[in-house]
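J.: Each position in the sequence shown, counted from 1, maps to that position plus 386 in the numbering used here. Ideal placement from N, C-alpha and C gives every residue a C-beta, glycine not left out. Everything numeric in this text was worked out from a predicted model, so none of it was measured.
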Amino acid sequence: MLSKHRSHKLWLRLMALMAIVLVVSACAGPATQTTTEMEAPAAEMEDADGEMMDEQIFRATIPFFAQDWSPLRGGGWNMHYLAFWNAGPMYIDEHGALHPYVFNEWTPNEDMTVWTFKIDPDAVYSDGSSITAHDVVATWNLIAHPATTHQRVTLFLTGVAGFEDVFNGEAMEMPGVVALDDSTVEVTLEGPDPLFHKKIATNLIGPVKASVAIGEDGFEVAEWWHPKNNPVTSGPFMPESIDLNRGVVTFVKNPNFWLAEPKLDTVTVTSIEDTTIVTTMLANGELDQGWPPNDATSQQLLGSDFFECSVAPGIGGFFLNPNIEPTNDINFRKALVLAVDREQIFNLSSPDGRGWTPTGEPLRALPGQDPDFVPHPYDPEAAQEAMAASAYSDAADVPKMIMAGVSSPGTELLAQYMAEQWRQLFGIEAIEMSPQFDSYEGPSQPALFRDGAGVRVPDSALMLLGSLHSSSNLARNIMGGYADPEVDALIEEAVTKAADDPDRVALSRQAQRLFHEQWMIIPIGTGCGGSAKGNVMPWVHGTRRNADAQFLEPWTIYIEHVEE
């Protein structure tokens, strides 16, 4: 029998003790309960008449102590929950269909260079004030500026007139984004883009109330999002309390959410770095959603259905930096790639064997996937030949390599495996591993960076624009400023083609082949492209997610309580 789900406040008080107790119980008791036998613990509270009623509390967790909960960062573990409190312009569902949200109308001109968006007249913030076109303009200018450190803005606003100047810190405003009136936003592009409306369909660039979040200097107000500063938000929930020291964030219903009344009363997100504890808490009914390791123990405790997932478009792995030593040497990069057994990488990252073989193809799982794409092989002999042809044939000449993004036990295992391969084959010893992900701050740049890129819209050109093009975050930051003029030109031409134009795919395939020949990535197979259900227990309903790993309609999520 599962422990009884007590009130939210009691649960928070017991969190510190539970972590210790559960570590012991995880080792002491047999794991015989299946997913179908699990019941949701009952939460109770009194209504206005003193009667007992169920309280809808959604208890989630992240394996990282996030200190910055601004909705303007566009990345990080906490961004998985951004949909709960930040409304996007539109959203794309798990099938790729577009839905209105803050914007309820969108119209391009004839040559697809100017787009006009209308704001839903019912769209309001949590304080009841209207979401305005001026807020949209101010928000987009803010996230385009490097001082805001939005990690994925290039996926959405690249191509807008003036974006590059703001992104490079040379201007504060994009002339291509203007408010025609309180409810109309006009966007002018530098060239035709038939799918621009789908590019911006994400809550990662949802408008914030400018008068609250943006100072007179045009920059973000420090910690405006913290409950102590009375923040104003736009999603179905709003922050009630944030304890950054304990890693507990609590959201409650937004009383002015205009689409529907949320079914949940409260959402808590707790930082728990030990994924073994997360697995046990989920199995014991102390969490509703989390990120446990996809291993045999977790599957025994939670059931294989918990990890149900689908192949999502995208590319992931350890990306190499072509602009620093030693990975600026193409033969050195080739040697590193050929020395790693990608099947072994796949087995280590996907112990259950589910999913796909890691190919390193950026257009995987997209209409533009290339049937003739040949992944780099595992070839130790050829790897040694490539190393001998490089400027680092003597291991003593190889400078220290930093591997960034090693932010979990799973990725650390993969990184150590690769480092051992390079030690045995080449004698390379000087390798440092860093847990920093999404961005890196250190005295020197990483030679390899664990990260990835995906696309919400099933389109080959948009996938490459957000990953291989020199304007993308992946190219600028993760690959250390990767820029290939020929690759850029092919992608830039591809995005101007109509969605059903065969040249859109043909040009994209050419671009990815050129990239592939540059030996820029050691691909990782994760076993699946992300849980479409959102890594939730069986008693949680309504948790559909899209390729952005965002919950689609958080206001529809509810807990099916079962009485003991």
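1) Could you tell me whether any non-hydrogen atom of the ligand ZN is closer than 7 Å to the CB of D691?
2) Measuring straight from C-alpha to C-alpha, what distance separates E879 and S516?
3) Measure the Cβ-Cβ separation of L834 and F705 and say whether it is below 8 Å.
4) Around the Cβ of L687, are there at least 16 other Cβ atoms within 10 angstroms (buried) or fewer (exposed)?
5) Please report the residue range of the beta strand (DSSP E) in which I817 lies.
6) On the criterion of 16 or more Cβ atoms from any shown chain inside 10 Å, does W455 qualify as buried, or is it exposed?
7) Cutting at 8 Å between CB atoms, please list the residues of its own chain near L575, excluding the five before and the five after it.
8) Determine the closest residue to S657 out of L528, R899, W677 and V841, with distance taken between C-alpha atoms.
9) In chain order, which continuous runs of the beta strand (DSSP E) of length 3 or greater are located wholly inside the stretch 647-734?
10) For G920, I'd like the list of residues in its chain whose CB is within less than 7 Å of its CB, leaving aside the five on either flank, ordered along the chain.
11) For the stretch 867-875 and the stretch 892-904, state whether three or more C-beta atom pairs, one from each stretch, are separated by less than 8 Å.
12) Could you pull the start and end residues of the alpha helix (DSSP H) that S858 belongs to?
13) By Cβ distance, which residues of its chain are closer than 6 Å to P486, with the 5 residues on each side in sequence left out?
14) So if DSSP puts D783 in a beta bridge, which residue, or which two residues, is it bridged to?
15) Within the same chain, show all residues whose beta-carbon is closer than 6 Å to that of E423, passing over the 5 residues directly before and after it, in chain order.
16) Give me the Cα-Cα distance between E946 and A861, rounded to the nearest whole angstrom.
17) Can you grab the Cα-Cα spacing for the pair T534 / L528, in whole Å?
18) Have a look at P821, S779, G813 and D579 and flag the residue whose alpha-carbon is nearest the alpha-carbon of T797.
19) From P757 to D727, what does the alpha carbon distance come to, in whole angstroms?
20) To the nearest angstrom, report how far apart D783 and I910 are at their CA atoms.
21) Please report the distance separating the alpha-carbon of Q831 from that of H531.
22) Is P753 helix, strand or coil by DSSP?
23) In chain order, what residues of the same chain have a beta carbon less than 8 Å from the beta carbon of L566, not counting five sequence neighbours either side?
24) For G555, collect the residues of the same chain with a Cβ closer than 8 Å to its Cβ; drop the 5 residues on either side in sequence, then sort them by chain order.
25) Which residues bound the beta strand (DSSP E) around T574?
26) Quick test of your reading: A777 and A721, contact by CB under 8 Å. State the CB separation rounded to the nearest angstrom.
27) What span of residues does the beta strand (DSSP E) with M476 cover, start to end?
28) Quick check: what's the CA-CA separation for V523 versus V564?
29) Using DSSP with H/G/I as helix, E/B as strand and the rest coil, what is F643?
30) Given a threshold of 16 other Cβ atoms within 10 Å of its Cβ, counted over all protein chains shown, does E747 qualify as buried or as exposed?
31) Using CA coordinates, which residue listed in P617, F692 and F605 is at the minimum distance from H927?
32) Could you check what DSSP says for S456 in three-state terms: helix, strand or coil?
33) Assuming I877 is part of the alpha helix (DSSP H), what are its boundary residues?
34) Hey, would you say D506 sits closer than 8 Å to K595, going by beta carbons?
35) Any idea what DSSP makes of A937, helix, strand or coil?
36) Once the 5 residues before and after A801 are set aside, which same chain residues still bring their CB inside 6 Å of it?
T.: On the basis of the supplied data:
1) Absence of the ligand ZN is noted for the structure shown, with no ligands found whatsoever.
2) Taking the sequence shown and counting its residues from 1, one reaches residue 879 at position 493. Taking the sequence shown and counting its residues from 1, one reaches residue 516 at position 130. In a straight line, the C-alpha of E879 is about 39 Å away from that of S516.
3) Looking up residue 834 in the sequence shown gives position 448. Looking up residue 705 in the sequence shown gives position 319. Going by C-beta atoms, L834 is nearer than 8 Å to F705.
4) By one-based count along the sequence shown, residue 687 stands at place 301. Counting Cβ neighbours within 10 Å, L687 comes out buried, since at least 16 surround it.
5) Sequence index remark: in the sequence shown, residue 817 carries index 431 (1-based). Note, I817: beta strand (DSSP E), I817 to M819.
6) Locating residue 455 in the sequence shown gives position 69, where the first residue counts as 1. So W455 counts as buried.
7) Indexing the sequence shown from 1 puts residue 575 at position 189. Within the same chain, L575 has close Cβ partners M498, T499, V500, W501, G545, V546, A547, G562 and F582.
8) Residue numbering aside, residue 657 sits at position 271 when the sequence shown is read from its first letter. When only C-alpha atoms are compared, the closest one is W677.
9) Within the stretch 647-734, the complete beta strand (DSSP E) runs of at least 3 residues are 652-657 and 700-706.
10) Numbered from 1 along the sequence shown, position 534 holds the residue referred to as residue 920. Closer than 7 Å at Cβ, skipping near neighbours: Q675, T929, R931 and F937.
11) yes
12) If you number the sequence shown from 1, residue 858 lands on position 472. Run containing S858: none; DSSP gives neither H nor E here.
13) To locate residue 486, count along the sequence shown from 1; it is residue 100. These residues qualify, in order along the chain: M476.
14) Against the sequence shown, residue 783 aligns to sequence position 397. DSSP, once it has assigned bridges, lists no residue as partnering D783.
15) Against the sequence shown, residue 423 aligns to sequence position 37. Its pLDDT being 40, under 50, E423 is placed unreliably by the model, and the measurement read from it follows with that caveat. For E423, where only same-chain residues beyond five positions count, there are no Cβ hits under 6 Å.
16) Within the sequence shown, numbered from 1, the residue matching residue 946 stands at position 560. Within the sequence shown, numbered from 1, the residue matching residue 861 stands at position 475. So the alpha carbons of these two residues sit roughly 44 Å apart.
17) The residue given as residue 534 occupies position 148 in the sequence shown. The residue given as residue 528 occupies position 142 in the sequence shown. Rounded to whole angstroms, T534 to L528 spans 7 Å at the Cα level.
18) Within the sequence shown, numbered from 1, the residue matching residue 797 stands at position 411. When each option's Cα is compared against that of T797, the closest is P821.
19) Walking along the sequence shown from the start, residue 757 turns up at place 371. Walking along the sequence shown from the start, residue 727 turns up at place 341. Their Cα atoms are separated by approximately 22 Å.
20) Counted from its first residue, the sequence shown places residue 783 at position 397. Counted from its first residue, the sequence shown places residue 910 at position 524. Each residue's alpha carbon lies about 28 Å from the other.
21) As a first step, residue 831 must be located in the sequence shown, where it is residue number 445. As a first step, residue 531 must be located in the sequence shown, where it is residue number 145. Distance between the alpha carbons of Q831 and H531: 22 Å.
22) Residue numbering aside, residue 753 sits at position 367 when the sequence shown is read from its first letter. Here DSSP, grouped into helix, strand and coil, assigns P753 to coil.
23) On the sequence shown, position 180 is the one that residue 566 refers to. Excluding sequence neighbours, L566 sits near T502, A519 and E572.
24) Translated into positions along the sequence shown, residue 555 becomes position 169. Closer than 8 Å at Cβ, skipping near neighbours: H531, P532 and A533.
25) As a working mapping, residue 574 is identified with position 188 in the sequence shown. Taken as a continuous stretch (DSSP letters only), the beta strand (DSSP E) holding T574 covers T570 to T574.
26) Locating residue 777 in the sequence shown gives position 391, counting from the first residue. Locating residue 721 in the sequence shown gives position 335, counting from the first residue. With a Cβ gap of about 11 Å, A777 and A721 do not count as contacting.
27) Translated into positions along the sequence shown, residue 476 becomes position 90. M476 to I478 is the span of the beta strand (DSSP E), which, as asked, contains M476.
28) Stepping through the sequence shown from its first residue, residue 523 is reached at position 137. Stepping through the sequence shown from its first residue, residue 564 is reached at position 178. Taking the straight line from one Cα to the other gives about 6 Å.
29) Here residue 643 is taken as the residue at index 257 of the sequence shown, counted from 1. Coil at F643, not helix or strand.
30) Translated into positions along the sequence shown, residue 747 becomes position 361. E747 is buried by the Cβ-count criterion.
31) Indexing the sequence shown from 1 puts residue 927 at position 541. Per the C-alpha coordinates, the member of P617, F692 and F605 positioned closest to H927 is F692.
32) On the sequence shown, position 70 is the one that residue 456 refers to. Coil, per DSSP.
33) For the purposes of this step, residue 877 is identified with residue 491 of the sequence shown, where counting begins at 1. For I877, the uninterrupted alpha helix (DSSP H) run begins and ends at P871 to A880, by DSSP.
34) Counting from 1 along the sequence shown, the entry for residue 506 is found at position 120. Counting from 1 along the sequence shown, the entry for residue 595 is found at position 209. No, they are not a contact pair.
35) Position 551 of the sequence shown holds residue 937. Note that residue 937 is Phe in the sequence shown here, rather than Ala. F937: strand per DSSP, three-state reduction.
36) One-based indexing of the sequence shown puts residue 801 at position 415. Once the five neighbours on either side are set aside, the close Cβ partners of A801 are M789, V792 and M819.
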